[in-house]
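End of the sequence shown = 595 in the numbering used here, gap-free, step of one.
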Amino acid sequence: MSTDTAKKDLLRGGQFLVKETKCEDVFTPEDFNEEQRMMRDSVKEFVDREIWPHKEEFEKKNYELTEEVMRKAGELGFLGVAVPEEYDGLGMGFVSTMLVCDYISGATGSVATAFGAHTGIGTMPITLYGTEEQKKKYVPKLATGEWFGAYCLTEPDAGSDANSGKTKAVLSEDGKYYSISGQKMWISNAGFADVFIVFARIEDDKNITGFIVENDKENGISFGEEEKKLGIHSSSTRQVFFNETKVPVENMLSERGNGFKIAMNALNIGRIKLAAASLDAQRRVTDLAVKYANDRVQFKTPIAKFGAIKSKLAEMATSAYVGEAASYRAAKDIEDRINIRLENGASHSEAELKGVEEYAIECSILKVACSEDIQNCSDEGIQVYGGMGFSADTPMESAWRDARIARIYEGTNEINRMLSVGMLVKKAMKGHVDLLGPAKSVADELTGIPSMDKPDYSELFAEEKEMVAKLKKVFLMVAGSAVQKFGPGLEEHQQLLLAAADILIEIYMAESGILRAEKNAKKNGEENHKEEIAMAKLYLYHAVEIVNTKAKEGIGSFAEGDEQRMMLMGLKRFTKYQNMPNVVALRNTIAEKLTSENKYCF
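See below:
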C-alpha cells in the first residue's frame, strides 16, 4: 500500500455520512505536488494563450477554432493525461486528470465540452473496456489528438432512460460484421470526430451493446445540421444517422449486452469530471466580478465598497472554494482506491472502474453541487456587472449561457439527486455502509433527554463540526424513517428522494469546506486563513438552512401525528446553533480579501 494511503483510514463511498473524517485525511488543492502544480500552470498558460483571447470568436460558432484548440491540446499531451503510457498517454493519477479537466474548462464551455466528450466518453470506454488490439489501434491516436472521439448514446426517445434505445445491430450471414441502423442525437464533437462509441441493440437483448465505429461517410453515416443551442456555441453538436453501417465483429466493445454497464460507468467518471469542469469557470467569473466591482464607480464610490456587492462576491467565492475542496477530496479518495487495487494485482482498467464506482455517490453529489454553483455564480456575475452583464460584449452573458448545460449533462441533476440516495440505500442493504445502526441510534436519541452539558467550543471549528454531525443525524432520521415506511418502494417517492438528496449534498459539501480550511489553518496558523475559515462557516450556515427546509418537506410528506411532532422537534434540536454566526461579518471578511487582492485568491 502506498505511503499516503497507509497514513489514513480510507473510507468507502458514502461512509462520510456515518464516520468522522479528520482534516489530515483529506486532500486539498493546497496539497498538489510539484508535478501537479507544473501541470496546472501549463494548462493555465495554454488557456490564457489559445482560448481566452478568442472568447468572442467562440461565441460566433467557430467550430474550426474548437477543433484547432483541441489539436494543440493533444500536441501538448493534455488529451492523454488519463491514458496509460503504453498507449502514448501520460499515465497520470486521477487527481492530475481532474486538475487538467478543471483548468482547461474555465474559459469557454465550447472547449470544455469538446475536451470532456473526447477524453471522457470518447476515449475512456476503449481504454477501460477495449481488447488489447482495440486499445493499440485507437487509443494512441485519440490520446495525441491525431483522431477525435465522440459518444453516441442518446436518441430521440432514449435520454435519461438510456437503455431504451432503438438503434439496431444485425449480424451478417457470414458472421463477420454487424450492420448498425438508427438515429443518435446531441452528439458532441460529431462534426469533427474520427471515431464513435455507438450503442445499439442486438436482436431483442435486454441491454444495449457498445461498438467502436470509424467515421466513414461511404459506410452509411450521415449528419444533421449543427444544433442551434442556448450556449456552448462552438461545440459541434449534431444528430448522427447510421444506415446499415458495417462494423467488424472485432469492433464490439466488451461483451454483447454490456453497453448499458459501459454507459453507466462512463457517466460516473463523467460526473466528477463535470464537477471539475465547473470550478475554473467559477474562479474566472468571480475574478472578473471582483475586478469590475473595484473599477466601477457609482455615487463617487467603487461598487465593491457597497454591502450588497460584498455579499455577492463573498458568496461566489465561497461556492468556488467549497467546490474545490469537495471535488479534490473525492478525487484523491478515488485515486487511493485505484492504487490499492493496482497494488493488489488488478489491471489498470479494472482498478479505475472499481475505484470510481466505489465513490459513485460522491460523483453524483459533486455533479449536482458544482453545476448549480457555476449557474448561480455566473448569474450573480451578471448582476454585479449590472446592465453591462446583460451585454454580449462582456464575458458574463456567455458564461451564464454555457453554465446552463452542466445541469443536464451526465444525467440531469434530478436523476443524480435520486441516484445519490438510491445508491446509498443499496450500499446499506449490501452492508457496505452501516446506515441502520446509526439511524436506530438517532431514533433512540429522539426519545431520550437532551444533554444539558455546556459544550467546549474553544477549538477551531468545534461547533461547526458538531453542527455537521447533527446534520448527518437529520439525514439518518429522515432517510431511515422513509426506508422503514416505504422499503423498496421508496424510489417511487421522487420528491422525498430529492429532499433527502439535498440534505446529503449539503453535508458532504459543508464538511469538505470545513476540513479544507481546518487543515490549512492547522498548518499555517488561523490568522493566515481567516478568510477561508469565514467561507467554511458561511457555507455551513446556508447548509443548515437548506437542510432544515428540505427535512421539513420530507417529514411532512410521510409522517403524521406524534411521529411527525417528534421528528420536527428532533430537527429543531439538530439544526440549532449554540452560537449563531455573524453572517454579515463573515461575508465582509471574505469580500475585503477579494477586493484588496483584486481577484479570486484562494
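Ideal placement from N, C-alpha and C gives every residue a C-beta, glycine not left out.
Do the CB positions of Gln368 and Ala396 come within less than 8 Å of each other? Taking 8 Å as the cut-off, the Cβ atoms of Gln368 and Ala396 count as close.
In the DSSP output, what is Met573 paired with across the bridge? The partner list for Met573 (beta bridge, DSSP) is empty, contrary to what the question assumes.
What is the rounded straight-line gap between the Cα of Ile354 and the Cα of Gly6? 7 Å
Thinking just about the alpha-carbon of each residue, which of Gly338, Thr294, Leu453, Leu464 is nearest to the one in Ala544? When each option's Cα is compared against that of Ala544, the closest is Leu464.
Check for me: the beta strand (DSSP E) holding Val177 runs from which residue to which? Note that residue 177 is Lys in the sequence shown, not Val. Taken as a continuous stretch (DSSP letters only), the beta strand (DSSP E) holding Lys177 covers 170 to 181.
If we count the other Cβ atoms within 10 Å of its Cβ and call it buried at 16 or more, is Gln275 buried or exposed? Counting every other CB atom within 10 Å of its CB across the protein chains shown gives Gln275 a total of 16 or more, marking it as buried.
Does the Cβ of Ala584 have 16 or more other Cβ atoms within 10 Å, making it buried, or fewer, making it exposed? Buried, since its Cβ has 16 or more Cβ neighbours within 10 Å.
Alpha carbon of Asn332 to alpha carbon of Met91, nearest angstrom: 16 Å
Taking the runs of the alpha helix (DSSP H) that are 4 residues or longer, which of them lie wholly in the region 200 to 251? Counting only runs of 4 or more residues that sit fully inside the region 200 to 251, no alpha helix (DSSP H) segment turns up.
Check whether the Cβ atoms of Glu459 and Pro448 lie closer than 8 Å to each other. The Cβ atoms of Glu459 and Pro448 lie closer than 8 Å to each other.
Got a sec? Which residues, its chain only, sit under 6 Å from Val426 by beta carbon, not counting five neighbours each side? Sequence-distant partners of Val426 (beyond 5 residues in either direction) whose C-beta falls short of 6 Å from its own C-beta, in its chain, are Gly7, Gln8, Lys420.
Assuming contact is defined by CB atoms lying nearer than 8 Å, are Asp18 and Asp2 in contact in what I supplied? yes
Should Ser(-5) go down as buried or exposed, given a rule of 16 or more other Cβ atoms within 10 Å for buried? Because Ser(-5) carries a pLDDT of 46, less than 50, the predicted location of this residue cannot be relied on, and the following value inherits that uncertainty. Classification of Ser(-5): exposed, given that the 10 Å Cβ count is below 16.
Please report the distance separating the alpha-carbon of Ile201 from that of His522. 52 Å
So what does DSSP say about Pro443, is it helix, strand or coil? Coil, per DSSP.
Closer than 7 Å by C-beta to Asn581: which residues in its own chain qualify, once you throw out the five before and the five after it? Chain order, please. Lys303
Extract the residue ranges of the alpha helix (DSSP H) inside the region 404 to 467, only unbroken runs of 4 or more that lie entirely within it. The qualifying runs are 406 to 423, 429 to 440.
Residue(s) in a DSSP beta bridge with Lys161: Ser174, Arg194
Since Met309 and Ala344 are thought to touch, with beta carbons under 8 Å apart, how far apart are those beta carbons, to the nearest angstrom? That belief does not hold up - the Cβ atoms of Met309 and Ala344 are roughly 37 Å apart, past 8 Å.
Candidates Gly424, Leu439, Ser364: which alpha carbon is nearest Gly404's? Ser364
Assigned secondary structure, Gly142 (DSSP; H/G/I helix, E/B strand, else coil): strand
Are the Cβ atoms of Thr59 and Ser228 separated by less than 8 Å? yes
For Val93, count neighbouring C-beta atoms within 10 Å of its own C-beta (all shown protein chains included) and say buried if the count is 16 or more, exposed if not. buried
So what does Ala151 bridge to, in DSSP terms? Glu148
For a test of the three-state rule: what should DSSP assign to Thr542, helix, strand or coil? helix
Going by C-alpha distance, which of Phe185, Ile195, Ala183 is nearest Leu164? Ile195
Going by other Cβ atoms of all chains shown within 10 Å of its Cβ, with 16 needed for buried, is Pro431 buried or exposed? buried
Touching by the beta-carbon criterion (3+ pairs, under 8 Å), the region 64 to 82 and the region 132 to 140: yes
Assigned exposure category for Met236 - 16 Cβ within 10 Å defines buried: Looking at the sequence provided, one finds Asn at residue 236 rather than Met. With fewer than 16 Cβ atoms within 10 Å of its Cβ, Asn236 is classed as exposed.
Sequence-distant residues of the same chain with beta carbon closer than 6 Å to Gly82, five excluded per side: Gly73, Val76, Ala136
Count the other C-beta atoms from every protein chain shown that fall within 10 angstroms of the C-beta of Thr14, then say buried if there are 16 or more, exposed otherwise. Under a 10 Å Cβ-count criterion, Thr14 is classified as buried, with 16 or more other Cβ atoms of the shown protein chains found around its own Cβ.
Say whether the region 50 to 57 touches the region 219 to 227, bearing in mind that this needs 3 or more beta-carbon pairs closer than 8 Å, one atom from each stretch. yes
Which residue wins for smallest C-alpha separation from Leu603, given the options Val36, Asn575, Lys569, Phe87? Outside the shown range of the chain, which is -6 to 595, sits residue 603, and nothing can be said about it.
Could you give the distance in angstroms between the alpha-carbon of Lys305 and the alpha-carbon of Val540? 22 Å
Just mark Ser505 as buried or exposed, buried being the case when its beta carbon has 16 or more other beta carbons within 10 Å. buried
For Thr(-2), which residues in the same chain have their Cβ closer than 8 Å to its Cβ, ignoring the five residues on either side in sequence? Residue confidence for Thr(-2) is low, a pLDDT of 48 falling below 50, so the modelled location carries little weight; the figure read from the coordinates is stated next. Excluding sequence neighbours, Thr(-2) sits near Asp329, Asn332, Ile333.
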